[in-house]
Structures are given as C-alpha cells and as structure tokens.
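Okay, structure first, notes after.
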Amino acid sequence: MKANVEQFRFRDQKLAKKIINELREMELDIMIMHVCGTHQDTLVRYGLEGMLKEVGVTIRQGPGCPVCVTTPREIQEILTLAKNEITITAFGDMMKVPGHGTSLMEAKSEGADVRIVYSVDDAVTMAQKNNKETVFMSVGFETTSPSTASVVARGPPDNFSILTCNRVVPPALEAILDMGEVKLDGLIEPGHVSTIIGTSPYEPISKKYIIPQVIAGFEPLDLLMGVLMLARQVHEGRAEVENEYSRIVKPEGNIKALELMNRVFEPVDTEWRGFPVIPRSGQALKEEYQEHDARKYFEDILEDLQTWEFEEPEGCRCGEVLRGIIASSECPLFGKECTPVNPVGPCMVSNEGSCNIEYRYGKD
Ligand code: SF4
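For our numbering, count along the sequence shown from 1 and bump the result up by 1.
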C-alpha cells in the first residue's frame, strides 16, 4: 500500500482496517511518541489509541502542549505583573493554570486587570485603547510564534510588551531522547509545527539517535498511516524522516514565517515544565526589540523570580506525563482530586493537555 495521502478518504473504515491488519501482521511491540495536543485528541476521540495498543503499538503524548510545558516560574511572572496593576492579556487556556497557589483567574477575581484575548493582535488593540502598561503572555510553539513576531516587527504601541514563553519543538525531542527514560521506537511529528519549520530540522535527530520519524496530519487515517509508515521503518531497520502530511507540509516549511521569527527572536536555553533547562529551546526577543520585552522592561518587578525555586502542585505527575513516562490515567489524582473544573496541574487545564483529553472522552 503506497502512502498517497491525497487519495485518502480520511475516515474510510475499510482503509483503517487494512492499515490495522498490516500492523497486526508485523507482530509489533513498539512504543512511539507524538508531541501534539491535536494528535492526542484524534487518537483518543476516535479510539485509535486502543486499536493500536491491540496490535502492539503504544503511543504517548510527550511535551506537545504549549500551555502544559509553561513553567510555574512563568506563571508566577505574569501573576506578579498582574499584582502590580499592569494589564495582562493572555489566551483563555492560561487562565486556570496553577501557579504558586493561585492562577490568573483567581487574580482576576481579586481585582487584577486580566483579559482574555484570541490573538496577539487583540492584545495590541487593547493596549492602543488602554492608557496603562499592557503585557501579552505569549505562549506557543513555532505555529504561533510568527504572529507574535509579526506584531513586534510592525512596531506595537509604547505601552505594549510581551512576556515571551515561546518554545520550539526539535530541542525538546532531543531532550526526551537524551534523557532516555522511555525507550522510543519512533516519533510522530506535529503537522502544524512542521508546516512552519518543514522537514529538515528533524533530519539530524534521526541520524544522531537512529530513530524513525513521520510527520503526520490530524485526521484518523493520517495518524494510522503515520504509525504504519513508522512501523514499516522499524520493521525494515530504517531511521528516516518521512512526510505523511505532504499535502500541507513542504520540505522547506514556510520561508516567510521562518524569516520573520528569525528576525525578531533568538534562541535561548529554557526550562520546560517537567524538564531541566533545554538548550536553545526557547525564543527571546532580540536586543533591538527590548523595549517590548516585559522581562527587561519590568526587570525590577520580576528580578526576584529568576532565582525562585518552584515546586509542582502536590501529588501532580504532569512532569512524568509530559516526558511520556506514564499515561494520564496512571496519575492517582486523575479524575478524583484533579478534573477540568478543579485542575491540579496544567495537563488537565488545556484542551491540548493529555489529562484533559482523556477526561473529556471518558477514558478511565
Ligand atoms: S491528572 Fe492532574 S495532577 Fe495528575 S498529572 Fe494530570 S494534571 Fe497533573
């Protein structure tokens, strides 16, 4: 069967059965990781996780939810700015993420000026209408960074600054493989991120770690085909980068978006929740844009937090979930003390979080 995705009817059950049968015939016992909340949603919503498990393929979501990997330090930074009467703008997903005993939602209920926005452009519009200092909490991977970069490059108002919590995916994949806590036989790479970065950033990873990778789309058949392509590589002893999502992802990525990101951001060593500092995995505003960098602009207010030792919420095992060591349902708090209404950790807050997805689709 050839991977001609253009011909797929993306939910064709006959084709799905054919793929599952081919996987079964391989008599697999493999563990693969993906790093994408939308992939996890498709896997759980359509019951693919269970189907794949039956044919010897275990799949874990790694650090693929930008809200989930935002650290308690970053949450504390934005809360500290909120308490200093600065207007805070953030995506709705960030509102409930627990910081050190509180969240942006609680800060808002206590009178802080915290506003939900749907884009960085909304945040700029608010700053234009607002006489106060306004900070946008910029959270996301390569998919969202270009829009933040675009706003900065265009020259936002003087009272607008950005708390950059942007991260890039390939260094996190290397961190997972370097740590070696889970033995992985392959990686499914995220379609959206790959639309921006293309296929080449994954090549050195396959070479260095001798691991197969497949970039996959988001329909059920995209994922099944992605797993089959990975399994064939494992079976044949290959470790290459293949592109199942070639109808969207081009080898060179989105050149304009990449140029924009590179103009505005520079790579920095960054902490991810559940991980040690990962080299060159974060994006900071370049020197020439410092006046819009909230960490520089409000340095006096945020200074103490740079050395602050933070702790995860008690009992929360988000770190292990994000590193693929356990499934969400293996956390003792899952569905008991921790639910989307009363989340203990960020993986239960975000729609892209593994715990939230498992809870929503009723998996126990
Ligand atoms: S169930 Fe809750 S406490 Fe447990 S890992 Fe998930 S988010 Fe953290």
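Where a beta carbon is used, it is the ideal one built from N, C-alpha and C, also for glycine.
Residue i (DSSP reduced to helix, strand or coil)
{"i": "ASP179", "result": "helix"}
{"i": "ALA91", "result": "strand"}
{"i": "MET138", "result": "strand"}
{"i": "ASP123", "result": "helix"}
{"i": "THR165", "result": "strand"}
{"i": "ASP294", "result": "strand"}
{"i": "CYS37", "result": "coil"}
{"i": "ALA328", "result": "coil"}
{"i": "GLU143", "result": "coil"}
{"i": "THR71", "result": "coil"}
{"i": "GLY320", "result": "helix"}
{"i": "SER195", "result": "helix"}
{"i": "LYS130", "result": "helix"}
{"i": "PRO347", "result": "helix"}
{"i": "SER247", "result": "coil"}
{"i": "GLU391", "result": "No answer is possible for residue 391: the residues shown for the chain start at 2 and end at 365."}
{"i": "HIS101", "result": "coil"}
{"i": "TYR366", "result": "This structure cannot speak to residue 366, because the chain is shown only from 2 to 365."}
{"i": "ARG155", "result": "helix"}
{"i": "ASN22", "result": "helix"}
{"i": "ARG233", "result": "helix"}
{"i": "MET27", "result": "coil"}
{"i": "MET96", "result": "coil"}
{"i": "ARG46", "result": "helix"}
DSSP bridge partner residues for residue i (one or two, in chain order)
{"i": "THR271", "result": "ILE279"}
{"i": "GLY112", "result": "GLY112 pairs with nothing; no bridge assigned."}
{"i": "THR59", "result": "MET32"}
{"i": "GLN307", "result": "GLN307 pairs with nothing; no bridge assigned."}
{"i": "GLN214", "result": "LEU188, VAL242"}
{"i": "ILE117", "result": "ALA91"}
{"i": "CYS339", "result": "PHE335"}
{"i": "LEU224", "result": "None; LEU224 has no bridge partner."}
{"i": "PHE266", "result": "LEU286"}
Distance, residue j Cα to residue i Cα
{"i": "ASP270", "j": "SER146", "result": "17 Å"}
{"i": "SER207", "j": "PRO221", "result": "25 Å"}
{"i": "MET180", "j": "GLY63", "result": "13 Å"}
{"i": "PRO333", "j": "PRO191", "result": "29 Å"}
{"i": "PHE299", "j": "GLY141", "result": "22 Å"}
{"i": "ILE89", "j": "MET96", "result": "11 Å"}
{"i": "ILE20", "j": "ALA240", "result": "21 Å"}
{"i": "ALA367", "j": "LEU261", "result": "Limits of the chain in this structure are 2 at one end and 365 at the other, which puts residue 367 out of reach."}
{"i": "HIS40", "j": "GLY218", "result": "8 Å"}
{"i": "VAL125", "j": "VAL70", "result": "25 Å"}
{"i": "CYS317", "j": "ALA232", "result": "33 Å"}
{"i": "PRO277", "j": "ASP13", "result": "42 Å"}
{"i": "GLU289", "j": "TRP309", "result": "28 Å"}
{"i": "ARG324", "j": "LEU44", "result": "18 Å"}
{"i": "LYS297", "j": "GLN291", "result": "7 Å"}
{"i": "TYR360", "j": "GLY320", "result": "18 Å"}
{"i": "GLY112", "j": "ASN167", "result": "27 Å"}
{"i": "GLU134", "j": "SER351", "result": "27 Å"}
{"i": "GLU272", "j": "LYS15", "result": "44 Å"}
{"i": "TYR47", "j": "THR144", "result": "25 Å"}
{"i": "ASN131", "j": "VAL169", "result": "32 Å"}
{"i": "ILE302", "j": "HIS193", "result": "36 Å"}
{"i": "MET32", "j": "TYR210", "result": "15 Å"}
{"i": "LEU178", "j": "ILE212", "result": "9 Å"}
{"i": "SER201", "j": "GLN129", "result": "39 Å"}
{"i": "MET106", "j": "GLU237", "result": "51 Å"}
{"i": "GLU204", "j": "MET230", "result": "16 Å"}
{"i": "THR81", "j": "GLY93", "result": "18 Å"}
{"i": "LEU174", "j": "ALA328", "result": "18 Å"}
{"i": "PHE266", "j": "ILE216", "result": "25 Å"}
{"i": "SER247", "j": "ALA17", "result": "19 Å"}
{"i": "LYS3", "j": "LEU49", "result": "Only weak support is given to the placement of LYS3: the predicted model assigns it a pLDDT of 44, under 50, and the value that follows is read from those uncertain coordinates. Each residue's Cα considered, the two are about 21 Å apart."}
Residue i beta carbon near the ligand HEM (any heavy atom closer than 7 Å)
{"i": "SER329", "result": "Absence of the ligand HEM is noted for the structure shown, with the ligand SF4 being the only ligands found."}
| said: Does the structure place the region 113-132 close enough to the region 223-241 that three or more beta carbon pairs sit under 8 Å? | reply: No, because fewer than three Cβ pairs between the region 223-241 and the region 113-132 fall closer than 8 Å, the two stretches do not touch.
| said: Quick test of the definition: if touching needs 3 or more C-beta pairs under 8 Å, does the region 153-160 touch the region 171-185? | reply: Taking 8 Å as the limit for Cβ pairs, the verdict is that the region 171-185 does not touch the region 153-160.
| query | Just checking, does the region 195-210 make contact with the region 62-77 on the three C-beta pairs under 8 Å criterion? | reply | Flag = no, the region 195-210 and the region 62-77 do not touch.
| request: Pair every Cβ in the region 51-58 with every Cβ in the region 14-33, then say whether three or more of these pairs are closer than 8 Å. | output: Result yes; three or more Cβ-Cβ pairs closer than 8 Å.
| Can you find at least 3 beta carbon pairs, one from the region 96-108 and one from the region 29-39, that sit closer than 8 Å? | Result no; under three Cβ-Cβ pairs closer than 8 Å.
| query | Does the pairing of the region 274-291 with the region 244-256 give three or more beta-carbon distances under 8 Å? | reply | In short, these stretches do not touch, since the Cβ pair count stays below three.
| task | Could you tell me whether the region 122-139 touches the region 338-347, where touching means 3 or more Cβ pairs closer than 8 Å? | result | Contact fails: fewer than three Cβ-Cβ distances are below 8 Å.
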